[in-house]
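Q:
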Amino acid sequence: MRAAICPMWLAILSHVAPSTEEGKIYASTTSVESLSLLISSPLCTTVYNATLSYYPGVFNSLSADLYMRRYTFIA
């Protein structure tokens, strides 16, 4: 489902933003997406290691919460 977020977001932005600013918007969304991938892996590892003794599935709840927020933001 993650693959559907970026194209939907870019389609919405292309209709909202002026055509002279689309390149800047695409570049910034790509940068944010790359940063989120770099941050999410260590974050999930840290959460998993911190909660391993009492509830190892917390990182799954964290991921589901973040995806829900993204879908809600787009909708």
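Under mature numbering (1 follows the signal peptide of the UniProt record, and there is no 0), the residues of the sequence shown are numbered -22 to -1, 1 to 53, in order.
All C-beta atoms, glycine included, are put in the ideal place defined by N, C-alpha and C.
Output needed for Leu(-13): all residues of its chain with C-beta closer than 7 Å, excluding positions within five of it in sequence on either side, in chain order.
A: Tyr4 and Thr7, listed in sequence order.
Q: Counting only the same chain and skipping the five closest in sequence on each side, list residues whose C-beta sits under 7 Å from that of Glu(-1).
A: Cβ neighbours of Glu(-1) beyond the five flanking positions: Ser(-9).
Q: Quick check: what's the CA-CA separation for Lys2 versus Thr29?
A: Each residue's Cα considered, the two are about 40 Å apart.
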